[in-house]
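Under our numbering, the residues of the sequence shown are numbered 55 to 182, in order.
What follows is one structure encoded as structure tokens, with my remarks underneath.
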Amino acid sequence: MIGAKHEFSDLSRQVIGCAIEVHRHLGPGLLESTYQQCLAHELQTSQIAFKLEHPLPVIYKGVRIDCGYRLDLLVEDTLILELKAVEAVREIHKAQLLTYMKLAGIKHGLLLNFNVVRLKDGLTSFVL
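Below, the structure written as structure tokens:
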């Protein structure tokens with residue numbers, strides 16, 4: 055199934071809690087990089103393993119090609135976080151996360167837009 059999922063794993067609930075904590079303290083209106091660094095701090099404080107700006111190569115005809123793609127956050131090698139700080143999430147943002155999930159072979163991803171009044175309004179979960 056591709057699309058929003060209403061049930062969350064324990065890990066995704068913990069990560070969402072960390073994101074809510076960041077949003078509660080900072081609110082909307084800052085750069086994506088600010089939210090990324092603060093969320094990384096929250097994950098670390100919560101002892102959740104993650105990789106920041108994790109490289110994502112493309113395998114083309116059996117050849118590994120580094121095209122410069124980077125995952126905002128890869129959490130415990132099972133969850134991709136794509137962070138945004140935009141006025142509105144567009145279909146291209148969703149497609150970007152889905153493509154990253156396919157390339158990485160990761161089945162779960164969260165698209166988090168921090169430029170909202172309530173973070174739950176900026177959260178979309180995807181499952182492949």
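Even glycine gets a Cβ: it sits at the ideal position worked out from N, Cα and C.
Can you pull the DSSP bridge partners for residue i?
i           : result
residue 109 : 124
residue 225 : Because the chain in this structure spans residues 55 to 182, residue 225 falls outside the shown range and cannot be described.
residue 181 : 162
residue 134 : 128 and 163
residue 104 : 129
Please report the distance separating the alpha-carbon of residue i from that of residue j.
i           : j           : result
residue 118 : residue 112 : 6 Å
residue 138 : residue 81  : 13 Å
residue 156 : residue 182 : 8 Å
residue 178 : residue 122 : 25 Å
residue 133 : residue 147 : 17 Å
residue 101 : residue 171 : 27 Å
residue 127 : residue 93  : 9 Å
residue 78  : residue 114 : 42 Å
residue 68  : residue 150 : 23 Å
residue 116 : residue 83  : 42 Å
residue 66  : residue 73  : 10 Å
residue 161 : residue 64  : 15 Å
residue 167 : residue 70  : 12 Å
residue 180 : residue 152 : 7 Å
Using CA coordinates, which residue listed in the options is at the minimum distance from residue i?
i           : options               : result
residue 85  : 173, 132, 169 and 70  : 169
residue 130 : 78, 98 and 178        : 98
residue 165 : 143, 132, 101 and 78  : 143
residue 190 : 159, 110, 127 and 128 : Not covered by the structure: residue 190. The range shown for the chain is 55 to 182.
residue 158 : 179, 178 and 124      : 124
residue 154 : 108, 89, 68 and 69    : 108
residue 141 : 175, 152, 161 and 114 : 175
residue 96  : 167, 152, 76 and 88   : 76
To the nearest whole angstrom, what separates the beta carbons of residue i and residue j, a pair I think is in contact under 8 Å?
i           : j           : result
residue 235 : residue 163 : The requested residue 235 is not part of the displayed model; the chain covers only 55 to 182.
From the beta carbon of residue i, is the nearest beta carbon of chain C less than 9 Å away?
i           : result
residue 147 : Considering every chain present, this structure includes no chain C. It has just one protein chain.
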